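Visitor: Pasting a structure here, questions to come.
Numbering (the working numbering), first residue to last: 81 to 448.
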């Protein structure tokens, strides 16, 4: 199973299986929607996240799935307090170090956002066990400009970014320079966007006079991974025109049939959402959508996906924000921390930038 493939190989595989996804022969992995739009992942604005069969304009997603209500642990809206005002958009040159201080494990946050010092208590097999894969970004530093030479084809586990220190390259890959993002307004360029310093991975989304630069760092998890627990400790700044869409994407690249899991997802100046594209879907709108009720920017968060057979839970700062039990994706997937330009609204201005600091990334294989 190929975790990512060149456009030519994906197109050939598609033709062999008779799937009508010829639009895959593009500059980055993904599928095409009905209009032929390249999709390295599913994305949508909140206004179109949850479809309504009776109208041509989808209804806004609610706190519960658009299908029949799941189990008793129904999703609830998280965060009843207000996060601090967003950090002003940076206008200084690209940072060489992370703009954030790491979260203090024992101190109570001074903001009114939910405390993120302790990871949410898992409900699955990961309780009390060591992660199968983890990174706290203390093994080596990577300056901005150093994340170079990312290969564009081959299995994820054997793909490399030749500019990285060996300890980082062993755990990470990234979409190569030149691939376009979902909106086509941004271009992936790890050298212009990714760095590691002070025990954090920093994603520096930015627009200069030559382009808008985005990033998709990809953990090298065990191959053919189906089910597990995925957790990130992170913080973002607000800047118009940028978003996060961190996702589990099917190894088959057969979308929407093999589903997709997205969390967190949202514009950096908007709120956090969670989405599950259902197994066997025939359209991108065939999904469960949840609102966390918490701003993307301004506070440290711990986001957690617990994916098990016929059971998918989304947690933010230890609180359940979504629970799906019907048509949960059941094929191998890989994890991408896709950070890119917004699909709608105002585009990023020249000179604008936003930073997403990641303090730790952890994965527990199902049953570990």
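Beta carbons: idealized from backbone N, C-alpha and C, even for Gly. These numbers were taken from a predicted model, which means no experiment stands behind them.
For residue 300, which of helix, strand or coil comes out of DSSP?
Guide: Coil, per DSSP.
Visitor: Over what stretch of residues does the beta strand (DSSP E) that includes residue 434 continue unbroken?
Guide: Start and end: 433-445.
Visitor: Excluding sequence positions up to five away, which residues of its chain have a Cβ less than 6 Å from the Cβ of residue 217?
Guide: Hits under 6 Å: 276, 279, 280, 281.
Visitor: Using three-state DSSP, classify residue 408 as helix, strand or coil.
Guide: Reduced to three states, the DSSP call for residue 408 is coil.
Visitor: Please name the residue, chosen from 388, 354, 340, 240, that lies closest to residue 309 on a Cα-to-Cα basis.
Guide: Among 388, 354, 340, 240, the Cα nearest to that of residue 309 is on 388.
Visitor: Under 8 Å between the Cβ atoms of residue 213 and residue 298?
Guide: No, they are not a contact pair.
Visitor: Kindly list the residues whose CB is nearer than 7 Å to the CB of residue 177, restricted to its own chain and excluding five residues on each side of it in sequence; keep chain order.
Guide: Because the pLDDT at residue 177 is just 49, under 50, the model does not fix this residue reliably, and the point stays unresolved.
Visitor: Mind checking which residues open and close the beta strand (DSSP E) that includes residue 210?
Guide: Note, residue 210: premise wrong, no beta strand (DSSP E); not H, not E.
Visitor: Going by DSSP in three states, residue 348 sits in which element: helix, strand or coil?
Guide: Note: residue 348 maps to coil in three-state DSSP.
Visitor: Quick one: give me the first and last residue of the beta strand (DSSP E) that residue 235 is part of.
Guide: Careful: residue 235 lies outside any beta strand (DSSP E) and carries neither H nor E.
Visitor: Label residue 430 either buried or exposed according to how many other C-beta atoms from any shown protein chain fall within 10 Å of its C-beta, with 16 as the threshold for buried.
Guide: With fewer than 16 Cβ atoms within 10 Å of its Cβ, residue 430 is classed as exposed.
Visitor: Assuming residue 437 and residue 315 form a contact by the criterion Cβ under 8 Å, report the distance between their Cβ atoms to the nearest whole angstrom.
Guide: Their Cβ separation, rounded to whole angstroms, is 5 Å, which keeps residue 437 and residue 315 in contact under 8 Å.
Visitor: Take residue 301 and list the residues in its own chain whose beta-carbon comes closer than 7 Å to its own, dropping the five residues that flank it on each side.
Guide: Hits under 7 Å: 213, 414, 415, 443.
Visitor: At 3 residues or longer, and completely inside the segment 324-396: list those beta strand (DSSP E) runs for me, N to C.
Guide: Those beta strand (DSSP E) runs which fall completely within the segment 324-396 and span 3+ residues are 340-347, 351-357, 367-375, 381-388, 391-396.
Visitor: Shortest alpha-carbon distance to residue 344 belongs to which of 333, 374, 331?
Guide: Closest by alpha carbon: 374.
Visitor: Is the beta carbon of residue 396 closer than 8 Å to that of residue 372?
Guide: Cβ distance < 8 Å, so residue 372 and residue 396 count as in contact.
Visitor: Who are the Cβ neighbours of residue 410 in its own chain at under 6 Å, not counting the five residues just before and after it?
Guide: Excluding positions up to five away in sequence, the list reads 359.
Visitor: Output needed for residue 151: all residues of its chain with C-beta closer than 7 Å, excluding positions within five of it in sequence on either side, in chain order.
Guide: Only weak support is given to the placement of residue 151: the predicted model assigns it a pLDDT of 38, under 50, and the value that follows is read from those uncertain coordinates. Excluding residues within five positions, the ones whose Cβ falls inside 7 Å are 403, 405.
Visitor: Tell me whether residue 228 sits in a helix, a strand or coil according to DSSP, three-state version.
Guide: If DSSP states are grouped into helix, strand and coil, residue 228 belongs with coil.
Visitor: Could you check whether the segment 328-345 touches the segment 282-290, counting it as contact only if at least three pairs of C-beta atoms, one from each stretch, sit closer than 8 Å?
Guide: Not touching, per the Cβ criterion.
Visitor: Apart from the five residues just before and just after residue 426, which ones in its own chain have a Cβ nearer than 7 Å to its Cβ?
Guide: Contacts found: 320, 321.
Visitor: Just to confirm, is the Cβ distance from residue 262 to residue 241 under 8 Å?
Guide: Not a contact, by the Cβ cut-off of 8 Å.
Visitor: Select from 267, 326, 317, 305 the residue whose C-alpha is nearest the C-alpha of residue 311.
Guide: Here the closest residue by C-alpha is 326.
Visitor: Who are the Cβ neighbours of residue 407 in its own chain at under 7 Å, not counting the five residues just before and after it?
Guide: Result list for residue 407: 358, 359, 360, in chain order.
Visitor: Pick out whichever of 398, 215, 208 has its Cα sitting closest to the Cα of residue 248.
Guide: The candidate whose alpha carbon is nearest that of residue 248 is 215.
Visitor: From the DSSP output, which residues share a beta bridge with residue 240?
Guide: DSSP lists no partner for residue 240.
Visitor: Quick one: residues in its chain with C-beta nearer than 8 Å to the C-beta of residue 271, no 5 flanking neighbours on either side, listed in chain order?
Guide: Hits under 8 Å: 224, 225, 226, 227, 228, 243, 257.
Visitor: Rounding to the nearest angstrom, what Cα-Cα distance links residue 349 and residue 313 in this structure?
Guide: Computed Cα separation, rounded: 19 Å.
Visitor: Which word fits residue 323, buried or exposed, when buried means at least 16 other C-beta atoms lie within 10 angstroms of its C-beta?
Guide: So residue 323 ends up on the buried side.
Visitor: In this structure, how does DSSP classify residue 267 when only helix, strand and coil are distinguished?
Guide: Note: residue 267 maps to strand in three-state DSSP.
Visitor: With residue 316 as the anchor, note down where its beta strand (DSSP E) starts and where it stops.
Guide: Taken as a continuous stretch (DSSP letters only), the beta strand (DSSP E) holding residue 316 covers 308-316.
Visitor: According to DSSP, is residue 249 part of a helix, a strand, or is it coil?
Guide: Helix, per DSSP.
Visitor: Under 7 Å from any heavy atom of the ligand COA, does the C-beta of residue 335 make it?
Guide: The ligand content of the structure shown is nil, which means the ligand COA is not present either.
Visitor: Whole angstroms are fine: how far does the CA of residue 295 sit from the CA of residue 266?
Guide: Residue 266 and residue 295: Cα-Cα distance of roughly 9 Å.
Visitor: Go through its chain and collect everything with a Cβ distance to residue 417's Cβ below 6 Å, but skip five positions before and after it.
Guide: Closer than 6 Å at the Cβ level, and outside the excluded window around residue 417, lie 297, 326.
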